[in-house]
Structure formats: C-alpha cells, structure tokens
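I have placed the structure first, in the form of structure tokens, so that the comments after it can refer back to it.
There are 2 protein chains.
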Amino acid sequence: MLDPQNVTIDAESGAIAPETEHYEKRLSDLRQIFADRIALDRMVGEEGDRLVYQVRAFRKNESDLWFGTTTIEPGRVGSEYFMTRGHFHKRHDMGEVYHTQAGKGLLLLQARDGRVEILEMHPGSCSFIPPDWAHRSINVGDDRLVFVWVCNVEAGNDYGELEKGMQRRVIAGVSGPEMIESGVRG
Amino acid sequence: MLDPQNVTIDAESGAIAPETEHYEKRLSDLRQIFADRIALDRMVGEEGDRLVYQVRAFRKNESDLWFGTTTIEPGRVGSEYFMTRGHFHKRHDMGEVYHTQAGKGLLLLQARDGRVEILEMHPGSCSFIPPDWAHRSINVGDDRLVFVWVCNVEAGNDYGELEKGMQRRVIAGVSGPEMIESGVRG
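First to last, the protein sequences are chains A and B.
FYI, UniProt numbering numbers position 132 of the first sequence as 132, with every residue one higher than the one before it.
FYI, UniProt numbering numbers position 18 of the second sequence as 18, with every residue one higher than the one before it.
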C-alpha cells in the first residue's frame, strides 16, 4: 500500500521535489518537429545545443494518477516558437489536465477525427484535454512557460501517430503568434 | 467526442469559470463532524449559519478525469479548525492530487488499515493521495485555504465509512495546531 506524500512544485522554474522522473529535450533532439532545420542547425552551431523543454514527474505505478511539470524555455527556431513534441495518449479513453503556473503559451490540440483547437495558456488557466486529442504546448512569451499536468499512469504517450507533424504550426507574426497550415493532413 | 476547454481558476477565491458543479457547506450542515456541538450551536446563534467550505468543479462524465477547487474559510468551532467532512473513495484503486493555491492547511489522511498520516498544505505543495486513504483538509491559517484537486470521474466519494469520524482531530493548541486522538478507532 502506498504512502501519501507531499511534492513541492516551484511555479517559476517547474522544479519538483521529490521527483521520480526527469528528462530534457534540446534542439538536436527536436530536429523532426521544427519546420526550419537550416535555422535549427545554424542555432546549434552558434549558440550550442540549447535546452528547449524539460519534464519532471512524480510517478508511483501502483497508483492510478501521476503528475508533474513541463517547462518550456522562451525561444524560436526561425519563426517557430519553442514547443513540445506533442502526442496522443496510447489509451484512447484517457485525457489530461494542464494547469499553467507561469508564462504565456498556446496549447495546440488535434483530434483523431482531424479537428484542430487552440487554447491560451496563462497563470490560472486550467486546460481540460479530453481523451483522444493530441496536445502540444508552445511558449509564445518572453519567459519560461511552466504548467502542472495530471493524468492516469496508464494513459501512455504515443508519439508515433504525430510523426508527420501536426496540421497547424504556430509562428511569430508581425503582431504576435499566428497559426498557419503545416501541409500535414490529420 | 468532447471538446477541449479552458477553465479559469482564481487562486485566491477558488472561483472557477466555467463550473459544472458548486456546493457549499455551512455550520449547520457539519454538526456531525465537529466535536463541540454546543460551541457550534452557540456560533450559529451569535454569528449566523456561517459558510465553512465550498467545492466547485468542472466535470464531463464522458472523460476519465475531472477537477475543481475546494475553498475552506478561516475559523474554528471551539478549539477545532474549519475543515471538510473527509471521505474515502468508492473505488479502492483510485486516489487524488491536491495542489494548494493559497492559505495554510493540514491534510489528515487515514488508511483502511488504520494508519494515519498528516501533510502540510501551503502554496506550492502538491499532495499525492494514494488509493484507499481517506482525506480531510483543515484550514489552520488566518486566510482562506484554496486547493485544486484532480481525480478520476469514477473515483466516487464514500462519506459513510467515516460516519464515526476520523481517528485524529486537529485543534488549536497554545503554540499552534495540535493533533489529538479523537477516540474513534479506524
């Protein structure tokens, strides 16, 4: 039988303590998701292999729920904002909750039936992600984007279904973020 | 198929928008949980039937997860702090996550095997409540205690099993909150 436990979450950095999982994604890990690979390679050459985002989690497999934080650094690859890979869940009947702690973001969602939605992320926004909607978070602000996520341990992440990319991209336009067609069909 | 949706959470008041459920518990609703019923009746006579706590939720039954806030006013009945009723889940395999937004509280937990645990609640604390642990939250501060909770829609609340009360009570001692035996056996 599991014991109750407090986990401290730092809303500014996304650090959690204790953590059971932690991974980082750098520019070179994300060549497949950004449209402008020439800009990406140039950035790595000039600025080094910068951190794009990190995920920290508290997971007990014997429980139903787990939770953690995702922290996306501010930045762009060409005109495209730093973002997560995005994924469907393996379990088609399991969704997720994203509670934004700091920064300014967009949550890009794509359903299996092809529909696309976008939600704003800002401190106090709690995004309800229903089952069967792929989700990618995008930092469109000048500071770190930090959010707390909660989902079922068994939800699982399926990155394969988005290998071709999502149907839309979010780029920096003249007067702020703009959503454009990516050329990928859902 | 459900649509994604943003819910705004006010960390100071616990208000959420949109909300699908909202209930309040006042002193007269909670006669069974406080030890000092004479003090309770006197309070109601002198101060009116004061609000003790409220629960607001965003629930879509077709989803796996739902979430909401619990807001406990500061106050005491005799020496005992304002608190929630406390409950087990109907589903013995489903727990909960409590992310404190404002105030200062204690989370009193009692397992079906009789063990008791207590966790501190403060902004930034995210309490992992494993399956099969009853949980009651207690406002030991001078301001509202507000926390966001997330659990499975199917978890269900079972108040009946705690009808006799919990094994411990938290009262205001000379130098702060103290945990005492309630006389109830788990």
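Even for Gly, the Cβ is constructed at its ideal location relative to N, Cα and C.
Beta-carbon separation of residue i and residue j under 8 Å?
i                 : j                 : result
Trp149 of chain B : Tyr81 of chain B  : no
Pro131 of chain B : Asp93 of chain B  : yes
Thr71 of chain A  : Val146 of chain A : yes
Asp64 of chain A  : Gly156 of chain B : no
Ser125 of chain B : Thr84 of chain B  : no
Ala111 of chain A : Met179 of chain B : no
Ile129 of chain B : Leu108 of chain B : no
Glu117 of chain A : Pro123 of chain B : no
Gln167 of chain B : Glu154 of chain B : no
Pro74 of chain A  : Asp143 of chain A : yes
Glu12 of chain A  : Ala102 of chain A : yes
Leu162 of chain B : Gly114 of chain B : no
Val184 of chain B : Gly160 of chain B : no
Lys104 of chain A : Val140 of chain A : yes
Report the three-state DSSP secondary structure of residue i (helix, strand or coil).
i                      : result
Val146 of chain B      : strand
Gly165 of chain B      : coil
Ile33 of chain A       : coil
Leu106 of chain B      : strand
residue 194 of chain B : Limits of chain B in this structure are 1 at one end and 186 at the other, which puts residue 194 of chain B out of reach.
Gly173 of chain A      : strand
Glu73 of chain B       : coil
Ala39 of chain B       : helix
Glu178 of chain B      : strand
Val184 of chain B      : coil
Gly45 of chain B       : helix
Report all residues from its chain with a CB closer than 7 Å to the CB of residue i; omit the five preceding and five following residues, and keep chain order.
i                 : result
Ser16 of chain A  : Note that residue 16 of chain A corresponds to Ile in the displayed sequence, not to Ser. Counting only Cβ-Cβ distances below 7 Å, and skipping sequence neighbours, we find Val7, Thr8, Ile9, Arg56, Phe58, Gly68, Thr69.
Ala172 of chain A : Arg76, Ser79, Tyr81
Glu120 of chain B : Leu106
Thr20 of chain B  : Ala57, Phe58, Arg59
Beta-carbon within less than 6 Å of residue i's beta-carbon, same chain only, minus the 5 sequence neighbours each way: which residues are those?
i                 : result
Ile38 of chain B  : none
Cys151 of chain B : Glu96
Arg50 of chain A  : Leu27
Ser127 of chain A : Tyr98, Leu107, Leu119
Lys90 of chain B  : Gly156, Asp158
Arg42 of chain B  : none
Using the DSSP secondary-structure output, state which residues sit across from residue i in a beta bridge.
i                 : result
Glu120 of chain B : B:Leu106
Leu65 of chain A  : A:Asn152
Ser127 of chain B : A:Asn6, B:Tyr98
Asp158 of chain B : B:Phe88
Leu51 of chain A  : A:Arg26
Arg56 of chain B  : B:His22, B:Thr69
Met83 of chain A  : A:Ile138
Ala111 of chain A : A:Trp133
Ala17 of chain B  : B:Thr8
Within its chain, find whatever has a CB closer than 8 Å to the CB of residue i; leave out the 5 residues flanking it on each side and keep chain order.
i                : result
Gln54 of chain A : Gly14, His22, Tyr23, Glu24, Lys25, Thr70, Thr71
Asn61 of chain A : Val153
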